[in-house]
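*Asks:*
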Amino acid sequence: NAGVTQTPKFRVLKTGQSMTLLCAQDMNHEYMYWYRQDPGMGLRLIHYSVGEGTTAKGEVPDGYNVSRLKKQNFLLGLESAAPSQTSVYFCASTLDGQPGDYEQYFGPGTRLTVT
Amino acid sequence: AQKITQTQPGMFVQEKEAVTLDCTYDTSDQSYGLFWYKQPSSGEMIFLIYQGSYDEQNATEGRYSLNFQKARKSANLVISASQLGDSAMYFCAMRDYGGSQGNLIFGKGTKLSVKP
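Respectively, the protein sequence lines represent chains U and Z. Using my numbering, read the first sequence as starting at 12 and increasing by one per residue. Using my numbering, read the second sequence as starting at 192 and increasing by one per residue.
(1) Please indicate yes or no: does the CB of Gln199(Z) lie closer than 7 Å to some heavy atom of the ligand GTP?
(2) Counting contacts by CB-CB distance shorter than 8 Å, is Tyr44(U) in contact with chain Z?
(3) Kindly give me the distance between the Cβ atoms of Tyr223(Z) and Ser244(Z), rounded to whole angstroms, as I take these residues to be in contact under 8 Å.
(4) Determine the chain Z residues that contact Val99(U) at a beta-carbon separation under 9 Å, and present them in chain order.
(5) Find the residues of chain Z that neighbour Met52(U), judging by a C-beta separation of less than 7 Å, and give them in chain order.
(6) Closest to Ser304(Z) by C-alpha separation, out of Arg286(Z), Leu295(Z), Asp277(Z), Gln248(Z), would be which residue?
(7) Taking C-alpha atoms, which residue in Tyr42(U), Ser29(U), Pro19(U), Gly14(U) lies nearest to Pro94(U)?
(8) Measuring only between beta-carbons, confirm whether Tyr75(U) sits less than 8 Å from chain Z.
(9) Excluding the 5 residues preceding and the 5 following Gln83(U) in the sequence, name in chain order all residues of the same chain whose CB lies nearer than 7 Å to its CB.
(10) Can you tell me which of Pro50(U), Tyr75(U), His40(U), Ile57(U) puts its alpha carbon nearest to the alpha carbon of Glu63(U)?
(11) What are the start and end residues of the beta strand (DSSP E) that includes Gln317(Z)?
(12) Between the C-alpha atoms of Val61(U) and Gln292(Z), what's the straight-line distance to the nearest angstrom?
(13) What residues in the segment 277-292 of chain Z have a beta carbon less than 8 Å from any beta carbon of chain U?
(14) Starting from the Cα of Asp213(Z), find the closest Cα among Gln205(Z), Gln230(Z), Ile270(Z) and give me that residue.
(15) Terminal residues of the continuous beta strand (DSSP E) containing Ala229(Z)?
(16) Three or more C-beta pairs closer than 8 Å, one from the segment 100-119 of chain U and one from the segment 261-270 of chain Z: is that the case here?
(17) Which word fits Ser219(Z), buried or exposed, when buried means at least 16 other C-beta atoms lie within 10 angstroms of its C-beta?
(18) Give me, in chain order, the residues of the same chain whose beta-carbon lies closer than 7 Å to that of Lys264(Z); leave out the 5 immediate sequence neighbours on both sides.
(19) Leaving out five residues on either side along the sequence, give the residues of the same chain with a beta carbon under 6 Å from the beta carbon of Val71(U).
(20) Going by beta carbon distance, what residues of the same chain come within less than 6 Å of Glu147(Z), once the five residues before and after it are set aside?
(21) Using a Cβ-Cβ distance under 8 Å, would Pro19(U) count as near chain Z?
(22) Kindly list, in the order they appear in chain Z, the residues whose Cβ is closer than 8 Å to that of Thr105(U).
(23) Return the chain-ordered list of same chain residues with a C-beta closer than 6 Å to the C-beta of Thr136(U), the five sequence neighbours on each side being excluded.
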């Protein structure tokens, strides 16, 4: 099992450019998440999905869109990148969100810089 | 609203000594889970330990133990016999099982430095 993978690992964008971050998991998990981590902060939830074809907003969704067309993939899009979106992005997945389903599996992170 | 508070931005500990990292939480749900993650300088998030709100015993995983005091809403991480490789950021997190999101709410972290 590869677990949770993220593509790319690093990216530099210019203001106004667009890009898509790909997250893939091979554990048949229902729930998937996108977090961002800024200096001095813990991780904050951007968007999440509780199953194929579903998405919902988290704590900091502005400037991002997501899609979950296949159960194993969760895409995060930046339509018009801004310097405030410079951050490290983590994808995570978990089985079904029920009590006893406790561990969230994290990807290795994507370091994005917007100049 | 759910909230995690870690009041120690940075901590130092001597190698081979024990250290306690503080975490307090706030939630109105009865069913929730508490987590600790380690983030070394390489950046990945490493799951350390989990405590369920209904678990009567404090969780332990090797050198890690979670001191869970439900009435005080605290979930402190204890690392025994610190090693140089324990130097990292440590994040406390919480997950409510009452809602539909299932996401983790994170504290701001504590940077632990182990001195030789």
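By construction, the Cβ of each residue, glycine as well, lies at the ideal position given by its N, Cα and C atoms. Given the structure is predicted, the values throughout are model-derived calculations rather than measurements.
*Replies:* Looking at the atomic coordinates:
(1) Absence of the ligand GTP from the depicted structure is noted, as is the absence of any ligand whatsoever, leaving it without description.
(2) yes
(3) 5 Å
(4) Gly234
(5) Lys299
(6) Asp277(Z)
(7) Ser29(U)
(8) no
(9) Ala35, Gln36, Asp37
(10) His40(U)
(11) For residue 317(Z) there is no data in the structure shown, the boundaries of chain Z being 192 and 307.
(12) 7 Å
(13) Phe282, Ala284, Arg286, Tyr288, Ser291, Gln292
(14) Ile270(Z)
(15) In the sequence under discussion, the amino acid at residue 229(Z) is Lys, which differs from the Ala named in the question. Note, Lys229(Z): beta strand (DSSP E), 223-230.
(16) no
(17) exposed
(18) Thr215, Tyr216, Asp217
(19) Arg55, Ile57
(20) Any property of residue 147(Z) remains undetermined from this structure, which presents chain Z solely from 192 to 307.
(21) no
(22) Gly293
(23) Nothing can be reported for residue 136(U): it is not among the residues displayed for chain U, which extend from 12 to 126.
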